[in-house]
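One structure is given below, encoded as structure tokens.
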Amino acid sequence: MNLLDIDTLAPAFRRAEPQARTPLAGRDFAVSLRGVEKRFGERTVLDQFDFSIERGSFVSIVGRSGCGKSTLLRLIAGLDQPTNGIVQRNAASAGKDLQMRIMFQDARLLPWKSVLDNVMIGLPRDKRDEARATLAEVGLAEREQEWPSRLSGGQRQRVALARALVHRPDLLLLDEPLGALDALTRIEMQSLIERLWREHKLTALLVTHDVQEAVSLGNRIVLIEAGRITLDTAVPLQRPRTRTAPGFAELEERVLARVLQRA
Numbered sequence: 001m002n003l004l005d006i007d008t009l010a011p012a013f014r015r016a017e018p019q020a021r022t023p024l025a026g027r028d029f030a031v032s033l034r035g036v037e038k039r040f041g042e043r044t045v046l047d048q049f050d051f052s053i054e055r056g057s058f059v060s061i062v063g064r065s066g067c068g069k070s071t072l073l074r075l076i077a078g079l080d081q082p083t084n085g086i087v088q089r090n091a092a093s094a095g096k097d098l099q100m101r102i103m104f105q106d107a108r109l110l111p112w113k114s115v116l117d118n119v120m121i122g123l124p125r126d127k128r129d130e131a132r133a134t135l136a137e138v139g140l141a142e143r144e145q146e147w148p149s150r151l152s153g154g155q156r157q158r159v160a161l162a163r164a165l166v167h168r169p170d171l172l173l174l175d176e177p178l179g180a181l182d183a184l185t186r187i188e189m190q191s192l193i194e195r196l197w198r199e200h201k202l203t204a205l206l207v208t209h210d211v212q213e214a215v216s217l218g219n220r221i222v223l224i225e226a227g228r229i230t231l232d233t234a235v236p237l238q239r240p241r242t243r244t245a246p247g248f249a250e251l252e253e254r255v256l257a258r259v260l261q262r263a
């Protein structure tokens, strides 16, 4: 993956210009937005928004509440339509649609279905073995017949992750899926998501309020303020990452300072 070449952390920030940007030649983008506007009544949530996700990358989106993060995710997912502009989704193979799945902050499991049957939603019965294998990948092979009410919050999110991955998506959209978890469970889930992202060779887009989480998971961090990108920086840290790794705290502090700049 060739995102941005950064040799040191000092010049790590690249401020986005308000005018449209042309994609770099030769790059393979899973999603591209050009000149996108999204308005709700008189309120503009995204304003002349240009954004691309390189295939195979893990992009973290940060910003304050109401800045447009979740609106961006919904537009990419096709759950909402732009007021103006173009959202282009590109599958790896010509003639095919980009396959996407979303994880939300709430696991959204059906309480009357078992863990396995929740993962099986939308799948034919002959995919049952694949669903079991995916549950094993998230560490829940022995809980397939449990009811969701018997699981912890972290385990429910593991089921939600399995339900997304069993469809073998090209793009995994993560809308603050770890926001309600305790600190230790959150770290465990971050490691699990990173490992499965690499093993499945996914493209991933994470929306989060947590700058530390953005640095832990992303190889690119994008800050949205008032409906525009004001920061777009690579994360030049080796994987797997620890919070004590050289450069981690410095990058986290720099991004957080930029987020808080307009406080």
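Residue 207 in the UniProt record's numbering is what sits at position 207 of the sequence shown, and the numbering runs on without skipping anything. Cβ atoms here follow ideal geometry from the backbone N, Cα and C, with glycine treated the same way. All of these numbers come straight from a predicted model, not from anything done at the bench.
1) Can you name the start and end residues of the beta strand (DSSP E) that R39 belongs to?
2) Taking the beta carbon of D175 as the centre, do at least 16 other beta carbons fall within 10 Å, making it buried, or is it exposed?
3) For the beta strand (DSSP E) that V45 lies in, which residues bound it at each end?
4) What are the partner residues of D175, as DSSP defines its beta bridges?
5) Please tell me whether I187 and L217 are closer than 9 Å, where the distance is taken between their beta carbons.
6) Alpha carbons only, please: which of R101, R125, E213, I76 is nearest the one belonging to L33?
7) For Q88, report the span of its beta strand (DSSP E) as first-last.
8) Does W197 pass the burial test, meaning 16 or more other C-beta atoms within 10 Å, or should it be called exposed?
9) Out of curiosity, what's the CA-to-CA distance linking N84 and N90?
10) Starting from R254, follow the alpha helix (DSSP H) in both directions and report where the run begins and ends.
11) Which residue comes first and which comes last in the beta strand (DSSP E) that contains R220?
In short, the structure shows the following:
1) 29-40
2) buried
3) 43-54
4) V207
5) no
6) I76
7) 84-89
8) buried
9) 19 Å
10) 248-259
11) 220-225
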